[in-house]
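What follows is a short report on a single structure.
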Amino acid sequence: LFELLSRSATNRLYLSYQRADETGRVMAPSSFIAMTMRDPRFVGKPEETVPRRLTQRISEQPLIQDLLPDKELVLGWLLQGHDVRPVLDAMGRDRALIEQGLATLKTIERESLELGPFDGMLGGQVPTLSGSAEQSVSPTALERYATCPFQYFTEKVLRLEPVRRLQQNHLPPLKIGTLVHESLRLSYERLVLLQWPDSSLTEAQVQSTVLEAVIDTFAAHAESRGTGHALLWTLAREQVTSLVVAAVFSDQEEYRATGFRPVAFEAAAQGIVSLGADPVSGSLKIHGTLDRVDYRAEPPALRIVDYKFKQGSEISAVDRNLGLSAVRGFRLQPPLYARMTLPSLPAVTDVQLLFLAPEWKQAISRSTFDAGLWTSPTGDMIRQTLKILIQGIANREFFILPDGYCDSCEFSGTCRRYDGMVWWRSYRSPQARVLRKLRKQKVSDD
């Protein structure tokens, strides 16, 4: 086809190719170009580079303005700073809309450290910290804000659904994690009815109970949401079964060694966290759903267990040191769960994260947060972190906070981190520095 087209040229043959894609990645020219340049039928001329910017194309070839469509002509004049209002009137375009757009563009591209309304600073009526107890917040929502205020805004305020998640027809980690949680809940509920872990259930009986629970969990999910690829579905069910079986036997040994026993599953709980020693500091009302609650009669102790499904190769520092992670705002579930209250049960003594990680050296691992840290200097640092996060949410400060996690963010398509000025302001702003400073804090007591 190329040979036919090239031979059809009477006087000149123009060959064009794209130097880079929309992301700036260099693209290799077609091999047909080099082949044509060697063809004796054609006399090659020096390569001409067509500027990407419309203003540069017009400045290099002013005569092309006579050939430009109306919209591109107006755009070119705008970019060159000319008054286009007479042209807009002649074209019947909405002058007010264009003027508003120009004002918005000027605000977005300004060189200033101060964040504005187009940087996520919504402002509005700001509730005081003392009234924050009237508004309940979940630990995961605060963690999201500490990671990136714009992520919090898109997920918790706008309640947007990530497009990537909606388009997937297989089992992403989030969905597998949900199946793991539900399989664990159903398995433990059925085992407790069999007087587990005190009864002398055989290993085969425990495995059979878990297998039935996993099958029922996957069947319920398939009935409401489908299975996706059959092979991936079967592999996921086998993986979840092996993880839940391993978790149950690990808990069985731990229960018999420590004296704890499961007393509640998927329990809704609330609590209030004081943000300071004086009443002026206010308090925070929290709520959450506890995966499991363990109780020990002697000595009295109450433990909250939260399941975490992980697909990485090893445990991260964030999950290993829960006290430090709480101070930095990365893991707020453990300290806030430690302030939860449950009817007819004593105060929480510790919070345990139970990791189910098929790729780790130990597929079942645990990290513990001691509730006693609330009375230590670490507790004061956690309160200060909570104050900063709550105040940012109250002030409606939902700016982007660029970092390494942006590449895997589900909401990256809605933010403007690729806009140079927006990125520069968000990174250099005083508000962003406050959150980044949290990530560099250190604790002296574990």
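Using the working numbering, the letters of the sequence shown map in sequence onto residues 1212 to 1657.
Here a beta-carbon is modelled for each residue, glycine too, at the ideal position from N, C-alpha and C.
Note that this is a predicted model, so its numbers are computed, not measured.
Where the beta strand (DSSP E) through residue i begins and ends
i	result
Gln1481	1472 to 1485
DSSP state of residue i mapped onto helix, strand, coil
i	result
Phe1520	strand
Met1551	strand
Ile1526	coil
Asp1561	strand
Pro1373	coil
Val1633	helix
Val1714	Lying before the first or after the last residue shown, residue 1714 is absent from the chain, which here runs from 1212 to 1657.
Gly1540	coil
Phe1253	coil
Arg1296	helix
Trp1288	helix
Cys1617	helix
Ser1435	helix
Val1654	coil
Pro1408	coil
Gln1272	coil
Leu1600	helix
Leu1224	coil
Pro1588	helix
Arg1627	coil
Glu1325	coil
Leu1556	coil
Ser1419	helix
Pro1280	coil
Gly1303	coil
Limits of the alpha helix (DSSP H) - the one that residue i falls within
i	result
Gly1499	Counting along the chain, Gly1499 falls outside any alpha helix (DSSP H), though it belongs to the beta strand (DSSP E) covering 1494 to 1507.
Leu1575	The sequence shown places Ile at residue 1575, not Leu. No alpha helix (DSSP H) holds Ile1575; the beta strand (DSSP E) holding it covers 1575 to 1581.
Ile1387	1384 to 1404
Val1261	Val1261 -> no alpha helix (DSSP H), and no H or E assigned at all.
Glu1214	1213 to 1218
Asp1462	1441 to 1469
Ser1242	1242 to 1248
Phe1361	1360 to 1363
Arg1306	1306 to 1319
Bridge partners - residue i, DSSP secondary structure assignment
i	result
Ile1231	Contrary to the premise, residue 1231 reads as Ala rather than Ile in this sequence. Ala1231 pairs with Val1237.
Ser1347	Lys1496
Met1332	Glu1608
Phe1429	DSSP output for Phe1429 lists no bridge partner at all.
Phe1566	Lys1519, Ser1576
Ala1512	Arg1507
Close beta carbons around residue i, own chain, < 6 Å, minus the five adjacent residues each side
i	result
Glu1355	The displayed chain sequence assigns Arg, not Glu, to residue 1355. Taken in chain order, the residues that qualify are Gln1362, Tyr1363.
Ser1343	In this predicted model, Ser1343 has a pLDDT of only 44, less than 50, meaning its place in the structure is not dependable; the value taken from the coordinates is given anyway. For Ser1343, where only same-chain residues beyond five positions count, the Cβ hits under 6 Å are Gly1493, Leu1495, Ile1601.
Asp1530	Ser1578
Gln1378	Because Gln1378 sits at a pLDDT of 47, beneath the cut-off of 50, its placement in the model cannot be relied upon, and the following sentence gives the value as read from the coordinates. Hits under 6 Å: none found.
Val1562	Ile1515, Pro1545, Tyr1548, Ala1549, Phe1580
Proximal residues to residue i (C-beta, below 7 Å), its chain only, five neighbours per side dropped
i	result
Thr1221	none
Gly1388	Phe1520
Thr1318	Gly1327, Phe1329
Phe1253	Leu1224, Thr1247
Ala1231	Val1237, Met1238
Ile1667	Since the first residue of the chain shown is 1212 and the last is 1657, residue 1667 is not available in this structure.
Pro1360	Gly1331, Gly1603, Glu1608, Phe1609, Phe1610, Leu1612
Leu1422	Thr1452
Neighbourhood of residue i by C-beta, 8 Å cutoff - its chain only, sequence neighbours within 5 removed
i	result
Val1504	Pro1473, Val1474, Ala1475, Phe1476, Ala1478, Leu1513, Arg1514, Ile1515, Val1516, Leu1553, Leu1556
Thr1315	Phe1329
Leu1649	Ala1357, Val1538, Arg1539, Gly1540, Thr1596, Ile1599
Ser1461	Ile1575
Val1391	Val1451, Leu1454, Val1455, Tyr1518, Phe1520, Leu1567
Glu1366	Arg1355, Phe1622
Ile1483	Ala1344, Ser1494, Leu1495, Lys1496, Ile1497, Arg1550
Thr1469	Arg1507
Pro1373	Glu1621, Phe1622
Glu1325	Arg1636, Ser1640
Residue i at chain C interface by Cβ criterion, 9 Å
i	result
Asp1294	In summary, chain C is missing from the structure at hand, where a single protein chain is found.
Residue i CB to nearest heavy atom of the ligand SAH below 8 Å
i	result
Arg1503	With respect to the ligand SAH, the structure shown offers nothing to examine, as it has no ligands at all.
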